[in-house]
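Engineer: Take this structure first; my questions come after.
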Amino acid sequence: MEYKTIARRCEARFIEKKSEFIGYLCPVRTEEEAVAFIEEIRAMHRKATHNCYAYILRENNAARHSDDGEPGGTAGVPIYEVLRKEGLTDVCCVVTRYFGGILLGAGGLVRAYTRGAKDAVDAAQIKCMAAAVRMAVTVDYGLYGRLAQIFADLDARVEKEDFADNVQITLCIREENAKTLSDKLIDSCNGNISVNELEKLNYDFA
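Structure below.
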């Protein structure tokens, strides 16, 4: 199953009616990692008025959000909705607010926390992960030129090529296409090619 997540931590900030909002986004795989990230941001911003958050995980299909003292439904849910609508998982978003003295009202808070999360997402490098197979292909130089189009047709991602006595290729391909790739390579080279599965993994096909 394919899913979208982020490559690394990122942040974005803006001012809304003198309140500073800072959105933090972090890749997480478990609730323990999500809670640890939330606590890290809270410790970093002990003087902040609010540290509201949401996270979505593949593990146990877990999802949580918190308004952290803001009026109910004005912070945690908007943050969560941004993550959900962007189709992200295995992510935690914390939006920190330093109150600037001007009340924003419920609608203003929803818009501000939505923007805090969205700006952080926009700053992120998105990864499109899928179940994949890493494969090793060994072929003679005379047959090497036949492979590129097959790789392209099946969206196989070449990671490494070694040119020695023959050509040794390491690649990743979506799991559902692995057998088709192997069959096509063997057929194209009339069996004069070695194709071996190295491991199964989740791979970024973005």
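As numbered in my numbering, residues -10 to 195 make up the sequence shown, in order.
Each residue gets a CB set at the ideal place from its N, CA and C atoms; glycine is no exception.
Bear in mind that the values here come from a model prediction, so they are computed numbers and not experimental data.
In this structure, what does DSSP give as the bridge partners for H39?
Structural biologist: R86
Engineer: Can you name, in chain order, every residue of its own chain whose Cβ lies under 8 Å from the Cβ of I139, other than the five neighbours on each side?
Structural biologist: A145, L170, K173, L174, S177
Engineer: What's the gap between the Cα of N50 and the Cα of G61?
Structural biologist: 23 Å
Engineer: In whole angstroms, what is the alpha-carbon distance linking F26 and G89?
Structural biologist: For F26 and G89, the distance between alpha carbons rounds to 25 Å.
Engineer: Considering only their Cβ atoms, is the gap separating A119 from Y(-8) smaller than 9 Å?
Structural biologist: yes
Engineer: Where do the ends of the alpha helix (DSSP H) carrying L98 lie?
Structural biologist: 94 to 111
Engineer: Can you tell me which of the three DSSP states D176 falls into?
Structural biologist: helix
Engineer: Keeping to the same chain, check which residues put their C-beta closer than 6 Å to that of E186; ignore five residues upstream and five downstream.
Structural biologist: V122, M124
Engineer: Which same chain residues, not among the five before or five after F3, have their C-beta less than 7 Å away from its C-beta?
Structural biologist: F10, R104, D108
Engineer: Look at the Cβ atom of V17, then the Cβ atom of P67, and state whether they are nearer than 9 Å.
Structural biologist: no
Engineer: Between which two residues does the alpha helix (DSSP H) holding V24 run?
Structural biologist: Run containing V24: 20 to 33, per the alpha helix (DSSP H) assignment.
Engineer: Applying the criterion that 16 or more other CB atoms from any shown protein chain within 10 Å of the CB defines a buried residue, is A(-4) buried or exposed?
Structural biologist: A(-4) should be labelled exposed.
Engineer: Roughly how many angstroms lie between the CA atoms of E20 and C81, to the nearest whole one?
Structural biologist: The straight-line gap from Cα to Cα measures roughly 9 Å.
Engineer: Quick one: Cα of N181 to Cα of A167, how far?
Structural biologist: 18 Å
Engineer: Spatial neighbours of A52 within its chain, please: C-beta separation below 6 Å, excluding the five flanking residues on both sides.
Structural biologist: Its chain contains I45 as the residues whose beta carbon lies nearer than 6 Å to that of A52, once the 5 sequence neighbours on both sides are disregarded; these appear in chain order.
Engineer: For V184, I'd like the list of residues in its chain whose CB is within less than 7 Å of its CB, leaving aside the five on either flank, ordered along the chain.
Structural biologist: Only M124, V126, S171, L174, I175 meet the Cβ criterion.
Engineer: Using only CA atoms, which one of T38, T(-6), V24 lies nearest to S8?
Structural biologist: T38
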